[in-house]
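Written out below as structure tokens is the structure these notes cover.
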Amino acid sequence: MWVGGAVGRGVGAPWVGRNEGMSVEQQPLWVEEPAVRPRLPDPVRTAAVRAVIIVAATLMQAMVAFLCTLASSWLAFPMVLSSVGSTVLATWGVLDVWVTRQVWNQRNGVVSMPSSTARKLRKERRRARRAARTAERAARIRSADGAGRRLSGV
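Counting along the sequence shown from 1, when you hit position 15 you're at 15 in my numbering, and nothing is skipped either side.
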């Protein structure tokens with residue numbers, strides 16, 4: 001919109017998002033920003049799209065069944081029955097997304113931070129190894145001291 005020679009600027013509107021050193025012609029149309037979360041793998045995305053379509057159809061079917069019931073239409077009972085079946089199908093679709101995601105993570109690995117339980121176990125193992133090394137070192141020193149190599153004359 002051209003108002004007062006500025007693109008997208010209404011009368012009395014402030015310059016929002018304008019770079020100070022750039023003219024209108026030099027400003028980029030958009031700024032690329034990195035994705036916050038990585039893209040879903042193809043099989044998981046396919047299952048998710050399928051689940052969304054099934055759930056949307058189920059909700060529409062339930063709404064039609066409700067409206068048919070309010071209108072006392074003969075179509076109400078068949079719609080209610082098909083809505084129950086669609087609910088089962090929608091549940092299957094959502095579970096399919098979950099299972100597909102779990103299988104994908106198991107087969108292809110997943111980059112994740114260790115849970116607090118795993119961290120705790122690793123810390124305990126590290127502490128046990130350190131204690132074992134210290135005990136072994138102390139045993140070596142004692143066996144060397146018993147062979148008459150004491151520095152003190154006691």
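The C-beta atom is built at its ideal place from N, Cα and C for all residues, glycine as well.
Small disclaimer: the values here were computed from a predicted structure and weren't measured.
#1: Within 10 angstroms of its Cβ, does GLN106 collect 16 or more other Cβ (buried), or is it exposed?
#2: Work out the CA separation of ASN108 and THR134 for me, nearest whole Å.
#3: Compute the beta-carbon to beta-carbon distance between ALA56 and MET79, rounded to the nearest angstrom, for a pair I have assumed lies under 8 Å.
#4: Beta-carbon within less than 6 Å of TRP74's beta-carbon, same chain only, minus the 5 sequence neighbours each way: which residues are those?
#5: For a minimum of 4 consecutive residues, which ranges assigned as the alpha helix (DSSP H) are wholly contained in the region 27–77?
#6: So, helix, strand or coil for GLU25, using DSSP?
#7: Under 8 Å Cβ to Cβ from ALA139, same chain only, skipping five residues before and after it: list those, please.
#8: Hey, how far is the Cα of SER143 from the Cα of ARG129?
#9: Determine, using beta-carbon pairs with one atom in the region 39–53 and one in the region 82–98, whether at least three such pairs fall under 8 Å.
#10: Closest by CA to VAL84, which one among ALA47, MET63, VAL97 and ALA131?
#11: On the three-state DSSP scale, how would you describe GLY109?
#12: Quick one: Cα of ARG37 to Cα of VAL103, how far?
#13: For GLU33, which residues of its own chain have a beta-carbon under 8 Å away from its beta-carbon, when the five flanking residues on both sides are left out?
#14: Determine the closest residue to VAL97 out of ALA76, LEU40, ARG122 and GLN27, with distance taken between C-alpha atoms.
#15: I need the straight-line Cα distance from SER86 to ARG45, nearest angstrom please.
#16: So is GLN61 buried or exposed if we call it buried at 16+ other beta carbons inside 10 Å?
The structure says:
#1: GLN106 is classed as exposed because its beta carbon has fewer than 16 other beta carbons within 10 Å across all chains shown.
#2: Going by the C-alpha atoms only, they are around 40 Å apart.
#3: Actually they are not in contact, since the Cβ atoms of ALA56 and MET79 sit about 16 Å apart, beyond 8 Å.
#4: Cβ-Cβ distances below 6 Å link TRP74 to nothing in the same chain once the five nearest sequence neighbours on each side are left out.
#5: Annotation: the region 27–77 contains the following complete segments of the alpha helix (DSSP H) (minimum length 4 residues), in chain order: 42–70.
#6: Residue state for GLU25 is assigned as coil, using DSSP reduced to three classes.
#7: Excluding residues up to 5 positions away in sequence, nothing lies with its Cβ nearer than 8 Å to the Cβ of ALA139 in the same chain.
#8: Their Cα atoms are separated by approximately 21 Å.
#9: With the cut-off at 8 Å, the region 39–53 and the region 82–98 touch.
#10: Selected option, being the one with the closest Cα: MET63.
#11: Note: GLY109 maps to coil in three-state DSSP.
#12: Between ARG37 and VAL103, the C-alpha separation is close to 20 Å.
#13: Same-chain partners within the cutoff: there are none.
#14: Ranked by how close their Cα comes to the Cα of VAL97, the residues ALA76, LEU40, ARG122 and GLN27 have LEU40 in first place.
#15: CA-CA distance, SER86 to ARG45, rounds to 21 Å.
#16: A residue is called buried once 16 or more other Cβ atoms fall within 10 Å of its Cβ, and GLN61 is buried on that count.
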